[in-house]
Every structure is written in structure tokens, then in C-alpha cells.
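Reviewing the structure listed below.
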Amino acid sequence: MMDVPAANQRQPPFHQWAGQNGWSTAAPRGPLCDPLPSVQHLSLGSPSDPRPRHALRQASDRGCLGDLGSFSSRNNTHRSTLFANNADPSVQQIVPNAHVSPVDPAAGQGGNIPPCSLPLMSKGTQPCKPQQMSLYPPHSPYRATSHHFQPPYVHQGSLNGPQSSHQKPQPITPPSFGQCVNQNPQCTPQPAFQRANAESAVSAGYIHNYASTTSPVQQQPQWTHVRGTLNESVPRVAAQDGNIIPQVGKIQSPNSESRYGLDPELLPSAVKVIAEDRAEWEGKVFVSEPFCRLPPLATTSCMIEDRGNASPFAILSTSYCVPCEGQTALLSRLPLGAVVTPLAKQHAGEKPLPVCKEPDCVVGCGWCGASMCPAMGWQDCGQRFYCPFCGKLSEVPWQHYQPTKGVDGVRVDKDMRPELSMGSYEILNSQRGEPAALLLAIDVSASALRGGHLEFVTQQIQTLLTSLIGEGVSSDVRVGLMTYDSRIHLYDLSPALSRPHMLVITETEDLQLPVREGLLVPLKDCIYGIDSVLQLVPQFSAECDDSSGVPVELPVRAGLAVLQALSCPGKLLIFHTASLIEMGHTNSSSGFFGSNKPKSIFQPSESAVSLAKECVRQGCGVHLFVLSQQDVGGAWPGNVPYLTGGALHTYSHLQGELDRERFIADLKKIVETDTGYKAELRIFVSKDLRVSGCYGLFIPGPSPGRVAMATLDRWTTLAVELAHTRGLDETRGVAIQTVLSYSTQTGDRRTRVHTLTLRCSCHLQDTFRHYQAQTLLAFYCKKMYCAVLERPLQELREELQTEITEALASYRKHCCSASVSAGQLVLPQYLRALPVYINSLRKSEVLLPGLRSSVHRRLQQRCQVLGMDTCSTATHFYPLLLPLLPSTENSTPPKPEQALRCCAVSLEPRGLYLVHAPLALLLWVGAQVPASALVELFNTNCFSSLPSGETKLPVLENPLSVRIRSLVNTLNSQVPCARKLWVVKQGDACEEALQRHLVEDKSPNGGASYADFVYHLHVNSVRLLQ
């Protein structure tokens, strides 16, 4: 295993500014230390240097990168490259033409060294063995109980933590960043790896910056308009990704400035990574075959051709080259697993998923239950096959026997059977279940009747049901209706009755249905009866006092009883208005933020979990519409809906036009979305691996390799973690299979099979080169958001930071050539965007609550993000910042895919910008936007009269309005829930909503900026190797 020092003790608090910038209050003990004492390319200037400051700025000839030659003058702003003469000829250093003031060489050699300003590793500690400490608690419901090959835990201070009041920091000189491409000649990849083997690296050389050392106060900053360069003391250079942003008219925010003077534009850009992948794969066909190369990113839209491997939209592996040995996997410090979307939607131009009938399909393994797939190996002329998931041989039934041909032993009917040639296919089972039902529950308590929105709700339900009748296909769906206050009102909708009969149930503790017939009737037979009841609902009179609230579990239990009585799955739509209370015990959140006990506000109550388990067994998905949003107080009702595959939708009494439009869109999408019911997902992996954990929105069972779900749709995504049990055979590779058994809307029982075959390698470098940042982000997100149920938030943030730091140290030690200096930040090519993704995850509202963070909003956001697929997760943690007006240098309108970096520096006062995230859509309007643009888009020519907040763009017939409204509609169609458009004006009080999405800057809740986080990762990763 990797020989790295580990800090086994928690460190004392330190400087005041650490907490204000989101850093941990942990610092190394002992005397003042140099963070990088052995680095030749890094030089820390001493603040007590006796020479005047102008002398330090004017020092020359012996710069911070002396072996690279001298830099160009201040007036030269174009990009140039200087190649260093390294001992290793395969290493090239590419340094931008930066304007750097060389430092005094004696400054780094004297005794006046500034104190460490980061929570660095202690040098005298000893590494701990994997068995000494486990990263996961044994009682975690999402993980298996046995632990093999646990990585060592090295404690580090967290970047985001509480504040402490101590001494002020010493000034840290900012580095200039370039790019380094290096290869290790000893770890040359095999020719089969068809991706480039270059790694991006950033060489850091320190220059003096005599900015104020006063700690910024953690409060809402005011953005200012700067006419000129962003920072006169540190001249800017061209960005390494080639996107040069004009400096005139930019927005300067204290949140955009790095504590250490780093230029964020010179750091690896997630926008550039996405753009490069789109340029390579957009509109093209990716051939998915066994042992294939890295697939396109999840944010890239391309065609997938299945030639024996599942589509990457269905299964994404964290690494497409699995290490053969468990110890090698530990050295990478990165997780081994997959992100699974069983019902992923196919591209419009792709072939539909092949369906074969169960009697005609070749039977899978009789030992472990794995389904037939191309990974099976045929022997004895096709009479038996080898199962890679259990390592046993199975006999082929005589009715499915076909001989093999060729040296590889391929069956002669391979191309005619999807189970033998396709990575993804579906089996239509002979067994048929009951069709799914649609059950509607409407709150008619006193609060609902006073609200004045019941008439609108019932009208929209009528309109939706009528549209289903017109479609024809959905006219056979069985529909039920009930109303409730403190009692349950069921309706007999039998066609034989002249009008529906109301059945009132007063004993709600032990629900007993008086009748069964007529409660669920085909829509085409009961549409007129439902219409008559819906017309009368707004005219009901309040018969019960609901001042104490109505438990939301009441309609859930009633709807579940109806479905159980008729033995069918279905969707339960609840329209609730009364105050929210829970029937059982609720968890108190007092002492949560200051306690290390495994007690969390995210933990659902026992009654909610018990009710959700009953819904899962029946296949009942709960969708809750809360029509009177409660910002403060009240129980959160979202646990049962999200644990059953449903969702929680909140509105403010449906009084505004925007809320009503969102309600209509949500209702329509829920009813029309293709859904699987009573689902069970089984996960099979090669016999030398095991499923050690499974994370997502579901109730954990006894085995992480078997997950039961009430309902699921195209968005439902889970993360699977794998671990080694023994060494892998490099010639056989690794196979991962997911088998989903579910029922359709019509009652058909189907089994969808996805199989992914990966290569193995004994070289650690091959594993690093086949990781993808977006897949790792989705995996870490689901894992950490599930862990908040059992573990403190600060511990999770520290774990994320520790794993990434150790991964960078391991890559530097085992995969880089010796000529790479300690001043260079080295990243694998396809993990360039990982630091900005991980930093955004660490400072999200779920893991790092701010002063204005609502508990209900954090609970809601956790569940919404847990259910996202990889593409939506990447967009959530790094939103798209789209310019809507042509820049000052270019008169042509920008393309929607030309996204900018998520930082305040990207915003111009003369511009319009659209921020797109799965849960938010913001339109930022600069203070100097041309009046013509305001007239074309908002029908007003005055910036001050433009309202901010929730807005609906007026329908105007001009190119700008048509283009932006079309873009908004396109983006809304790509997300699972409807969103309202928020207009954010420059300098307005609601700009904090925008700042939460500028993930490269310091966040309002105290999260560190991207530049500071990268600096922290680099310093600690180098420290680990010393």
C-alpha cells in the first residue's frame, strides 16, 4: 500500500480567517512550518523581509521558475510556451506568458518563514493500516456488513467549518499557473486504450502580493463595477483553456478573489472539459462493445450503438479499467463502482430496446440467477456455459441448444438473439400482474375550503383526465377518487350507479373498507361520475376543525388500503392544504449542528419508514402536492413520497399565475411519465468482486445487491460500490449486470437486463486514466447524501477532502515521472474537473448549511438530488451559465452551448445571462444592459422599473424574445420537475440566489472558492509525500 503519513489526532483551532473562508479550524501542532519546505519551484516570501517592497517587485534574473527562462514584459498579453530541459525527455512544461515579479531567492532560505495557513498533515505521524479504522460505520444500512480492503483514514482539516477568532493570517504569495503534459515511460498503456494518455498539470510559482491581510467578513458582499483590469497588482494572463475573457466591464466580487492570489481562470475548467467532449461526440455514434474505451460524458448528447455492452446512459462505471488487485485499488484512493439508471431513456434516433418473450429466451445461470448476456463463455460445443458472476458451469436446456463455431466458441445464432449479442435487452415474462391504478386524494378540510384554490385544482384534474380519454391508450387505466379531512370519504364510481355514492370512514386508526367494487373503475367508464364529484368538491362545507392540522399519513394509509384490497399497484396523488403534522414521533433537530452524535435532521421518523415499506411491498408511489407552503414550522412530509419513488411539490395557495402553470406542468408530467411498479433490482458482479454498498432513494434491505422499489422512472438512478474479494484475471476482465424486474402500467411483468464488461489492468496508471469526473461526482453525491442519515456533516466533508487529496498524492507518486516538480498540480486528464465538482458538493446546502438555509429546503434538495441521473447531477453542482446577448467584441448572438465559467468574473454589466440548473432557472440582468434589449425581452426600457423575482417572459414577436423563450422551454423539458424563472437584477437583494450557483466563487454559506480548494488539495497532497 502507499506509504503516506497519517494524522491520528484532531488538531487545535487556528486563525480567524480560516473559518471565514470556509476552512477547517484544525491546524498542525508545533512551531511555525513551511507548507512545502522541499519545493524548489515554490518560494514563500517573508513579510518581515528587511528590503522595501518595491525592491522585491523589481528583483530579476532569478525568478520562481528559473529553469524556464525569463518571462515576457507586462505589455505582452499573448500566450506563449516555454519548454524546460528536464532530465526526463517525455515531460514538457508549458508555461503561459505570465507577468510575474520574481522573488528574492533568499526569502525562501532564511529563517523568517510565515506560519502554515492551511491544515496540513503532521510530518511525524505514522501511516495506519487498512484494518485500523473503517471509513463507514458498521450499522450503515446502505453497506454490506463485512469490510475488505478498507483504505486508511487520514484526518485532515475541513475547508468548510465553523469560525474561530485568533490571529490574522500572513500574506501568501499567489502562484502563476501553466500547463504540464507528462507521461511515465515505465507505465505506458496498452494500445487497446484508445484515449489520450496526457495529464494536465499546473505548475505553481510564487510571486509577491501585498494585498491587505485583513480577513474578509463572512457576510453578503457588495459587487462593484470595475473599469479596467480586475487586479492591477497581479497582471492577468491568457486562460489556459484558450477562453480569453475581456476585462473591461467585468463584475468584481470579493467572493471571486483567491485567498492565495491564484487566478481562477488559469485553473482547469469544467466548461472546457464539457465543450471538448461535445466537440468530439456531439451528433456522432459511440459504439459500446466489451472492453470499450471511455464513453462520452453524461452531459454530451450522442447516439449509442449497442454491440454487447450496455449504454453508458444505463450503466456508467467510475473507472473503465478495474485494477486486478485490491491493494492496487486502495492505492488509487478513488471508489470502484457504477452509477445505474435502469429505465434510462434512449436517444430519439437509436433503435428501440429489443424485447424477447420468456419462453424463447435462453435461460441464464441456474446457480446465481444472473441473466444471459454476451459475457457468458460457451463450452463443449454450446452444451454448457461459464458464468462470470459465480464462476460455475450451467447446462443449456435442449430446446435452447445451438452449436458453436470458430475458435472463440460463438453460438451460430448469436446475431439473432439479443440476449447473446446485446448489452441491454428486455424479457417479457409469461406471468402477468394487475394493471396499475391512478388514485386521487383531495383535502377538503376547513383550511382547504377557505383557501379558494380547490376549484382550480378540480378543474385541472378534470382537464387532465379528459385528455387521457382522448389519447385512447390511457383510457383503460383504473381511476379512484377520495376526499378527506379528519375522516376519509370514498366514492363508489360503478357505472351501474346513476351517480357516485360517498362512503365515510370515521375510524381512521384501523381502516376497514366497507366495499371494494367501484373504488377503482376504468377511466372511460367513470369519467362522468368523477366530473360530477369534482364539480361538487369546492362547494363542500367544513364539518371538522383542522386547527391542529391533518396528518398527511391519513390519505396515504387510505389509498394504500384501497390498492391492497384490489391487489394492484398504482400512483397515489394527494392534494393537501391543512397544516402538516405527523401521526408518530418526530425527530428533534436541537443540538444537531453542535453534536457529533449520529443524530440527523435527515432521519425520517419510524412511522414514516414503516408506512413507506408497506407502500413498497404494494407498489404504491406517493406524489404529494402541498398547496399551502409552510416555510417555518410543521413536519416535513416528503419522506414517504420520496422513499416510494414519488415526489413532493409545494405551492403558495396557487394564487399566482406562475404557481398555477407550474402545478399544471407537474400534474401532467407525473401522470404521463412511464413508470415501473413493484420493482426489484438485482446487481451481479464478477466472482472476484462483491457489492459493498448501494446508495439512492430507497429503503435499504439486508443485502446491498438487492433493492426493492415501489415505483421508478427514467430519472431514477442508484450508485453501486464494489470491492475486491480476491485478485482478478486480467484476461477475463470484469462484468457488471443489473437485472430489473418490474410491472408496467398495463400489468405486464418485464425484466430489463443491462450488462457492462470492463477490462482489467495491473497498472495503477491505467485505472487513473479511465476515471471520469462526472461519474465520480454522481457516485460521491449519492454516497454522501445517504451517509448524512448516520454521520456528522463535518466528518463527511473531511472525508471527501481526504479522499481527493490522497488520490492526487497517489497519482503523483505512482503515475508521474520523477521530473515533475513539487510545485506542479498534476491531475489525470479526465479528472481535470473533479476538484471543482467535489468542492461544489462539499459546500452544498445539504452538507454545509448557511445562516438562511431552511431545514425543509435542505431536506427537499437532498431527496431531489439523490434521484437525479449523472447528467442532472453534474449540471446541479456546476450549472450552465449561458450568455444571451452578443459580447462587445462579437456582434453575432452566442450559441446556447457556449457556456461560461460559473464565477462572478464571467458576468458583464452590459449582458444578460441564463443560469440553468435542474432545480433553478435564473435570468441575470446587468445594470448596463442596452435599453433595446430590455424592450425586446421585457417590454420595458428602464432597468430600475424591471421587477425582480418570479417572472414570466412576455410573448413578444422579435428575434431576441423568441430565441430566449425557446431556449427556456428546451431547458425545462430536460428536467424532471417544473421550474419558475427568476429574474435577478445586478445589485438587487435577491442576488444571493445567483451567488449560490456561482460555484467557483466563495459561497454565501461559507464554502471555499474553487481556487482556494485547489491550492489546499495541492499543498496537502505534496505534504503527504514528504
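Quick note on our numbering: the sequence shown kicks off at 187 and runs consecutively. All residues carry an ideal CB built from backbone N, CA and C; glycine is no exception. As the structure is a prediction and not an experimental result, all values here were calculated from the model.
Where the alpha helix (DSSP H) through residue i begins and ends
| i | result |
| --- | --- |
| D1213 | Since the first residue of the chain shown is 187 and the last is 1212, residue 1213 is not available in this structure. |
| M970 | 959–973 |
| Y714 | 709–722 |
| Y587 | No alpha helix (DSSP H) contains Y587, which DSSP labels as neither H nor E. |
| S1026 | 1020–1028 |
| V857 | 843–858 |
Where the beta strand (DSSP E) through residue i begins and ends
| i | result |
| --- | --- |
| G637 | From DSSP, G637 is part of no beta strand (DSSP E) but of the alpha helix (DSSP H) over 632–637. |
| G1135 | 1135–1137 |
| P509 | 507–509 |
Proximal residues to residue i (C-beta, below 6 Å), its chain only, five neighbours per side dropped
| i | result |
| --- | --- |
| G637 | T763, H839 |
| L1108 | V1101, W1168, V1170, L1180 |
| S1214 | This structure leaves residue 1214 out entirely; the chain is present only between 187 and 1212. |
| Q750 | Q804 |
| T953 | S505, C507, P509, S518 |
DSSP three-state assignment for residue i, whether helix, strand or coil
| i | result |
| --- | --- |
| W822 | coil |
| V1200 | helix |
| S1213 | Because the chain is modelled from 187 through 1212, residue 1213 falls outside the range shown and cannot be assessed. |
| T897 | strand |
| F575 | coil |
| Q1212 | coil |
| T836 | strand |
| S1147 | helix |
| S1131 | coil |
| Q376 | Since pLDDT at Q376 reaches only 38, below the 50 mark, its modelled position is unreliable, and no value is offered. |
| W467 | helix |
| A1008 | coil |
| Y828 | helix |
| Q923 | strand |
| V690 | strand |
| G512 | helix |
| K531 | coil |
| R702 | coil |
| P681 | coil |
| P1069 | strand |
| C1057 | helix |
| M558 | coil |
| A330 | coil |
| G523 | strand |
| A764 | coil |
| A1175 | coil |
| Q349 | Bear in mind that the predicted position of Q349 carries a pLDDT of just 38, short of 50, making it too unreliable to give a figure here. |
Spatial neighbours of residue i in its chain, beta-carbon cut-off 8 Å, leaving aside the 5 residues before and after
| i | result |
| --- | --- |
| L683 | G704, G715 |
| L650 | L853, K854, V857 |
| G563 | F571, Y572, P574, G595 |
Same chain only: Cβ atoms within 7 Å of residue i, ignoring 5 sequence neighbours per side
| i | result |
| --- | --- |
| R846 | F642, L840 |
| E475 | R493, G494, N495 |
| Q1046 | G824, L834 |
| G735 | A764, S765, L766, I767 |
| G523 | T504, A905, V906, E907, L908, F965 |
| S583 | Reading the sequence as shown, one finds Pro at residue 583 and not Ser. Closer than 7 Å at Cβ, skipping near neighbours: V549. |
Expected contact under 8 Å - CB spacing of residue i and residue j to nearest Å
| i | j | result |
| --- | --- | --- |
| H1183 | A1103 | 6 Å |
| E544 | L614 | 6 Å |
| D1055 | T903 | 5 Å |
| Y957 | L1017 | 6 Å |
| Y1228 | L963 | Nothing can be reported for residue 1228, as the shown portion of the chain is limited to 187 through 1212. |
| T1059 | C967 | 6 Å |
Decide if the segment 608–625 is in contact with the segment 921–938; the criterion is three or more beta carbon pairs, one per stretch, under 8 Å apart.
-> yes
Quick one: any contact between the segment 706–722 and the segment 649–659, if contact means 3 or more CB pairs under 8 Å?
yes
Taking 8 Å as the threshold, find out whether the segment 1135–1155 comes into contact with the segment 874–884 through three or more Cβ pairs. no
Check: Do the segment 499–511 and the segment 907–925 meet, that is, are 3 or more Cβ pairs less than 8 Å apart?
Finding: yes
Check your understanding: Using 8 Å as the Cβ pair cut-off and three pairs as the minimum, do the segment 916–927 and the segment 1003–1010 touch?
Key -> no
message = Under 8 Å, with one C-beta from each stretch per pair, do the segment 889–908 and the segment 860–868 reach the 3-pair mark?
response = yes
Can you confirm whether the segment 579–591 touches the segment 621–638 when touching is taken to mean that 3 or more C-beta pairs between the two stretches lie within less than 8 Å?
no
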